[in-house]
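Number of protein chains: 2
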Amino acid sequence: MKKEYSETEIKIKTAAKSLFLRKGYSATTTRDISKESDINLALLNYYFTSKKKLFEIIMLETFYDFISKMVEVYNDEKSTLEEKLKLTSSKYIDMIIAEPHLPTFVVNELKNNPSSILKILKGQIMESKLVDQYNDGVKKGVYKKIDPIHFVTNILSLIVFPFISSPIIIKMKKFNRKEFNDMMHERKKLIPQWILQMIKK
Amino acid sequence: MKKEYSETEIKIKTAAKSLFLRKGYSATTTRDISKESDINLALLNYYFTSKKKLFEIIMLETFYDFISKMVEVYNDEKSTLEEKLKLTSSKYIDMIIAEPHLPTFVVNELKNNPSSILKILKGQIMESKLVDQYNDGVKKGVYKKIDPIHFVTNILSLIVFPFISSPIIIKMKKFNRKEFNDMMHERKKLIPQWILQMIKK
DNA sequence: TTGAATTAAACAAATGTTTAATAAAAAATT
DNA sequence: AATTTTTTATTAAACATTTGTTTAATTCAA
Numbered sequence: 001m002k003k004e005y006s007e008t009e010i011k012i013k014t015a016a017k018s019l020f021l022r023k024g025y026s027a028t029t030t031r032d033i034s035k036e037s038d039i040n041l042a043l044l045n046y047y048f049t050s051k052k053k054l055f056e057i058i059m060l061e062t063f064y065d066f067i068s069k070m071v072e073v074y075n076d077e078k079s080t081l082e083e084k085l086k087l088t089s090s091k092y093i094d095m096i097i098a099e100p101h102l103p104t105f106v107v108n109e110l111k112n113n114p115s116s117i118l119k120i121l122k123g124q125i126m127e128s129k130l131v132d133q134y135n136d137g138v139k140k141g142v143y144k145k146i147d148p149i150h151f152v153t154n155i156l157s158l159i160v161f162p163f164i165s166s167p168i169i170i171k172m173k174k175f176n177r178k179e180f181n182d183m184m185h186e187r188k189k190l191i192p193q194w195i196l197q198m199i200k201k
Numbered sequence: 202m203k204k205e206y207s208e209t210e211i212k213i214k215t216a217a218k219s220l221f222l223r224k225g226y227s228a229t230t231t232r233d234i235s236k237e238s239d240i241n242l243a244l245l246n247y248y249f250t251s252k253k254k255l256f257e258i259i260m261l262e263t264f265y266d267f268i269s270k271m272v273e274v275y276n277d278e279k280s281t282l283e284e285k286l287k288l289t290s291s292k293y294i295d296m297i298i299a300e301p302h303l304p305t306f307v308v309n310e311l312k313n314n315p316s317s318i319l320k321i322l323k324g325q326i327m328e329s330k331l332v333d334q335y336n337d338g339v340k341k342g343v344y345k346k347i348d349p350i351h352f353v354t355n356i357l358s359l360i361v362f363p364f365i366s367s368p369i370i371i372k373m374k375k376f377n378r379k380e381f382n383d384m385m386h387e388r389k390k391l392i393p394q395w396i397l398q399m400i401k402k
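Protein sequence lines, in the order shown, are assigned to chains A and B.
Numbering-wise (my numbering), the first sequence opens with residue 1 and increments by one.
Numbering-wise (my numbering), the second sequence opens with residue 202 and increments by one.
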């Protein structure tokens with residue numbers, strides 16, 4: 001299943017990913033990619049047929065990484081709901097601080113490539129252990145009875161949206177990048193608390 | 202201050218806005234715009250000098266509308282904090298349902314045009330009546346003492362992010378567009394409740 | 001009659017892709 | 001082991017479109 005990539009292919013993919021993340025599909029040219037990866041222009045088509053195909057490969061891998069990080073935690077058998085919240089916040093915030101363009105890229109290029117990429121999602125979140133645990137809490141009367149989609153959506157919203165709107169936050173608070181990141185580190189503790197307060201009766 | 206636009210200029214602007222919102226700056230061509238607005242290609246440059254200039258005008262207006270809706274409510278003198286939360290949720294959700302591409306457009310093109318557009322923000326949110334009311338609650342000991350930036354960020358996150366991630370939500374829940382919108386209408390009531398629970402001691 | 005609005009055509013630059021030639025590596029043959 | 005052959009990788013150049021913008025001519029309105 002997993003393709004073995006040559007050194008040159010990896011160089012192309014790395015440069016392409018960096019550029020696609022920063023500038024998006026349309027604003028990235030094949031010459032940009034060839035320059036950034038220091039390979040001849042024609043090799044892009046030689047190895048990946050077209051810019052579009054190359055993009056689809058990168059989009060698929062990136063989205064898969066993005067979702068996997070969530071699915072792994074959500075389906076862990078041992079941890080409690082609260083532990084899952086903490087781990088998700090922590091992992092995601094670290095991941096996005098390391099690659100700040102990731103969320104904008106994912107949500108933005110997503111609306112163009114619908115079904116093929118979204119196949120990855122197939123029930124892995126709404127049928128996760130985390131949602132089970134939430135539903136158990138509802139049954140026991142400790143959590144409010146609301147469609148779990150809100151629960152799942154709220155977690156991701158509180159984690160990811162601040163990054164997407166970082167230019168606004170940075171402007172409003174006169175932050176520099178480090179101060180913004182500190183704010184996000186702070187949220188690792190806060191988000192699990194907030195989510196619990198939101199669902200508790 | 203406000204420029205008076207001729208009929209042709211409005212036709213161009215309307216078509217351009219629709220296209221920029223749907224496809225972004227780079228993926229929209231001047232010929233797309235001329236076709237959609239049914240005007241001659243050269244008129245775009247005749248009236249707006251360049252594609253870039255036209256985009257900046259539209260970006261500025263759109264972002265201004267987007268922020269104004271918030272600022273108005275946040276600075277209302279009469280309403281309580283809870284009422285402001287309800288009104289913001291309601292207004293924003295209606296606005297974005299009417300123009301679903303708005304949030305993605307704003308956040309995505311924002312990172313490219315930083316200062317000029319973000320000037321609009323100048324203290325209008327962090328120094329708003331809403332933030333005052335929040336700080337009062339903190340002083341009175343009814344709200345937790347956390348930097349109000351989290352408060353402001355969380356409101357926007359819970360309102361806007363679900364729209365941005367709508368392809369994911371629609372896929373996870375096997376929703377159609379109407380069912381997704383219903384979910385968002387449901388959140389008009391829920392978000393103010395959630396926010397209050399998050400800040401209460 | 002003058003200035004503004006509109007048009008078709010043209011221009012130059014950029015862009016994704018292909019071609020044809022060469023270099024390098026691997027395989028086959030002597 | 002040495003040489004030839006074949007396959008693969010890399011390159012510079014070219015190709016056909018697309019794209020943003022301009023020109024020069026024409027129509028329209030004041």
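Ideal Cβ placement from N, Cα and C applies to all residues, glycine included.
**Report entry** Assigned exposure category for I259 of chain B - 16 Cβ within 10 Å defines buried
**Finding:** buried
Query - Alpha carbon of K200 of chain A to alpha carbon of M271 of chain B, nearest angstrom - result: 29 Å
Query raised in the report: Between the beta-carbon of L110 of chain A and the beta-carbon of P192 of chain A, is there less than 9 Å?
Result: no
Report task. Kindly list the residues whose CB is nearer than 8 Å to the CB of F105 of chain A, restricted to its own chain and excluding five residues on each side of it in sequence; keep chain order. Result -> F20, L21, G24 and T62
Query raised in the report: Using a C-beta to C-beta distance shorter than 8 Å, which residues of chain B count as neighbours of N154 of chain A?
Result: Within chain B, L359 and W395 have C-beta atoms less than 8 Å from the C-beta of N154 of chain A, given in sequence order.
Query raised in the report: Are the C-beta atoms of F20 of chain A and some chain B residue less than 9 Å apart?
Result: Answer no: the Cβ-Cβ gap between F20 of chain A and chain B never drops below 9 Å.
Query - Beta-carbon proximity list for V73 of chain A, same chain, < 6 Å, skipping 5 on both sides - result: K84, L87 and T88
Query - M385 of chain B beta carbon less than 9 Å from that of K374 of chain B - result: Cβ distance not < 9 Å, so K374 of chain B and M385 of chain B don't count as in contact.
Query raised in the report: Looking at C-alpha atoms only, which residue of B:T281, B:Y293 and B:K292 is the closest neighbour of Q334 of chain B?
Result: B:T281
Query raised in the report: Under a three-way DSSP split, which group does M1 of chain A fall into?
Result: With a pLDDT of only 45 at M1 of chain A, under the threshold of 50, the placement of this residue in the model should not be trusted; the figure read from the coordinates follows. Of the three classes helix, strand and coil, the one that applies to M1 of chain A here is coil, per DSSP.
Query raised in the report: Is the number of C-beta pairs between the region 145–162 of chain A and the region 353–362 of chain B that are closer than 8 Å three or more?
Result: yes
Report task. Could you confirm whether any beta carbon from chain B is found closer than 9 Å to the beta carbon of N108 of chain A? Result -> Taking Cβ atoms only, chain B reaches closer than 9 Å to N108 of chain A, which makes this a yes.
Query - R187 of chain A, buried or exposed, once every other Cβ within 10 Å from all chains shown has been counted against 16 - result: Classification for R187 of chain A: buried.
**Report entry** Interface residues of chain A facing K372 of chain B [CB-CB closer than 7 Å]
**Finding:** L118 and L121
Query - K401 of chain B - DSSP class collapsed to helix/strand/coil - result: strand
Query raised in the report: Going by DSSP, what residues sit across from Y344 of chain B in a beta bridge?
Result: Bridge partners of Y344 of chain B: B:K401.
Query raised in the report: Is it true that the CB of L261 of chain B sits closer than 9 Å to the CB of I213 of chain B?
Result: no
Report task. Give a yes or no on whether the minimum CB-CB distance between M202 of chain B and chain A is below 9 Å. Result -> Low confidence applies to M202 of chain B: its pLDDT is 46, below 50, so where it sits in the model is not reliable, and the reading given next is rough at best. With 9 Å as the cut-off, M202 of chain B does not count as an interface residue toward chain A.
Query - For S317 of chain B, the nearest candidate out of A:L43, A:K171 and A:Q197 (CA to CA) - result: A:K171
Report task. With DSSP collapsed to three states, give me the class of I170 of chain A. Result -> Helix, per DSSP.
Query raised in the report: For the alpha helix (DSSP H) that contains S269 of chain B, what are its first and last residues?
Result: K252 to Y275
Query raised in the report: Among residues of its own chain, excluding the 5 on either side of M198 of chain A, which ones have a beta-carbon nearer than 7 Å to its beta-carbon?
Result: Excluding positions up to five away in sequence, the list reads N154.
Requested in this report: Write down the C-beta distance between I149 of chain A and I370 of chain B rounded to the nearest angstrom, noting that I regard them as a contact closer than 8 Å.
Outcome: 7 Å
Query raised in the report: Name the residues in the region 325–352 of chain B whose C-beta lies less than 8 Å from a C-beta of chain A; which are they?
Result: I326, M327, I347, D348, I350 and H351
Query raised in the report: For A216 of chain B, is the classification buried or exposed, using 16 other Cβ atoms within 10 angstroms of its Cβ as the cut-off for buried?
Result: Label assigned to A216 of chain B: buried.
**Report entry** Backbone CA spacing between T250 of chain B and Y64 of chain A [nearest angstrom]
**Finding:** Just so you know, the alpha carbons of T250 of chain B and Y64 of chain A end up roughly 43 Å apart.
Query - Within 9 Å, strictly: CB atoms of L121 of chain A and I33 of chain A - result: No, the pair does not count as a contact, with Cβ atoms beyond the cut-off.
Report task. State yes or no: is the beta carbon of S25 of chain A nearer than 9 Å to at least one beta carbon in chain B? Result -> In the sequence under discussion, the amino acid at residue 25 of chain A is Tyr, which differs from the Ser named in the question. So, interface residue.
Query raised in the report: Quick one: does R388 of chain B have its CB under 9 Å from some CB of chain A?
Result: yes
**Report entry** Residue from B:I211, B:M296 and B:K253 with nearest C-alpha to I240 of chain B
**Finding:** B:I211
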